[in-house]
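Numbering (my numbering), first residue to last: 971 to 1283.
For glycine and all other residues, C-beta sits at the position ideal for the given N, C-alpha and C.
Values in this document were obtained by computation on a predicted structure and should not be read as measured data.
Report on the structure given below.
So this is what it looks like as structure tokens:
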């Protein structure tokens, strides 16, 4: 087996991983949009920032979300935004603080705030005001910097949640479609026709710049459910297109019946589990990962193949 043929097999295998990773990424995005997990994570981070307790219920938080600047970021009247710019956060906090102390500047207003052990924000504001040494602009920048840390925390929570969901979706996809890495390698090694058809699919995938994210923007900003539904439909379409691409190329995926399912685990259970497990890990890496890998491998393939020379298996 030549080096170029081995490279082609890897490219073909990675193409399968890319297509199923694309399905996985689309489904995870649809679930996130449907459940509103981003806005919930941000709300929990804000609760912790303001009250010192992620599960706390603070009046300041209610006033914060009721502010017109925050409401303008929400997709519906009763919804919560999934992202708040640091400048907007600072403006809202400044508005709430000065609103209770008319005639005073920001630093003086903060110093007039009553001590409240259940309000973590008060302690933060007073500490920042003392460190600002009378410089309001320095105080504003420090407050925005603190909020950036809140957004980073919320983003971290979402990434961990999304990774867990990704693993679960990858398991369902791989088992449902029988994506066995070892079987795929064997088929691509022994069937040049299937390999060449799959390489054509690879070229089509790499030409585009779609790394697996679904682009759905609801025209009506107050209807968040429509966006979630749009992403769900996009995920189904991506799955349909990806599976069609693979089956058209002759790639062995899916189960013919329950007997095949049970038989696969009875006869060669260790190899079957290993092949499926490798696929689960690969699919969970995400579409952007495999898209970048495929682009690099295709560049290596193009550089290694001599112009006008037919490829030899």
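Two segments are said to touch when three or more pairs of C-beta atoms, one from each, lie closer than 8 Å; by this definition the segment 988-1008 does not touch the segment 1035-1045. Looking only at 1169, 1238 and 1252, the smallest Cα-Cα distance to residue 977 is reached by 1169. Under the criterion of beta carbons closer than 8 Å, residue 1142 and residue 1222 do not qualify as touching, at roughly 19 Å. In the DSSP annotation of this structure, the continuous segment of the alpha helix (DSSP H) that includes residue 1162 starts and ends at 1162-1177. The shortest CA-to-CA distance from residue 1125 to any of 1104, 1034, 1242 and 1054 is the one to 1054. Across the set 1082, 1097, 1117 and 1018, the C-alpha of 1117 shows the shortest separation from the C-alpha of residue 1057.
Residue 1094 sits in a helix when the DSSP states are folded into three classes.
Nearest to residue 1059 by alpha-carbon distance, out of 1127, 1083, 1013 and 1075, is 1013. With a cutoff of 9 Å on beta-carbon distance, residue 1172 and residue 1245 are scored as not near each other.
Exclusion of the five residues before and after residue 1167 leaves 1218, 1219 and 1220 as the residues of its chain whose Cβ lies within less than 8 Å of its Cβ. Straight across, the Cα-Cα distance linking residue 1063 with residue 1034 is about 7 Å.
Contact between residue 1257 and residue 988 holds, since their C-beta atoms are separated by about 6 Å, short of 8 Å. In this chain, the alpha helix (DSSP H) harbouring residue 1140 covers 1106-1147. With contacts defined by Cβ atoms closer than 9 Å, residue 1137 and residue 1007 do not form a contacting pair. Check the Cα spacing between residue 1098 and each of 1119, 1267, 1081 and 1237: the tightest is with 1081.
Rounded to the nearest whole angstrom, the C-alpha separation of residue 1029 and residue 1067 is 13 Å.
Rounded to whole angstroms, residue 1253 and residue 1155 show a C-alpha spacing of 16 Å. Nearest to residue 1260 by C-alpha distance, out of 973, 1176 and 1242, is 1176. Residue 1011: member of the alpha helix (DSSP H) spanning 1007-1021, first to last residue. Between the alpha carbons of residue 1236 and residue 1225 lies a distance of about 15 Å. When C-alpha distances from residue 1250 are compared across 1162, 1147 and 1140, the shortest belongs to 1140.
Under the three-state reduction of DSSP output, residue 1225 falls in the coil class, being neither helix nor strand. Cβ neighbours of residue 1037 within its own chain (closer than 6 Å, five residues either side excluded): 1062. Bounds of any alpha helix (DSSP H) do not take in residue 1220, whose DSSP letter is neither H nor E. Under the three-state reduction of DSSP, residue 1157 is assigned to helix.
Per DSSP, residue 1053 lies in no alpha helix (DSSP H) segment and is marked neither H nor E. Cβ-Cβ distances below 7 Å link residue 1106 to 1075, 1076 and 1077 in the same chain, with the five nearest sequence neighbours on each side left out; the list follows chain order. In the DSSP assignment, residue 1255 falls outside any alpha helix (DSSP H), carrying neither H nor E. If you draw a straight line from the Cα of residue 1215 to the Cα of residue 1164, it comes to about 12 Å. Linking residue 1273 to residue 996 through their CA atoms gives a straight-line distance of about 33 Å. Non-local C-beta neighbours of residue 1120 in its own chain, meaning closer than 6 Å and more than five positions away in sequence, comprise 1015 and 1019, ordered along the chain. Rounded to whole angstroms, the separation of the alpha carbons of residue 1010 and residue 979 is 43 Å.
In this structure, the beta-carbon distance from residue 984 to residue 1263 falls below 9 Å.
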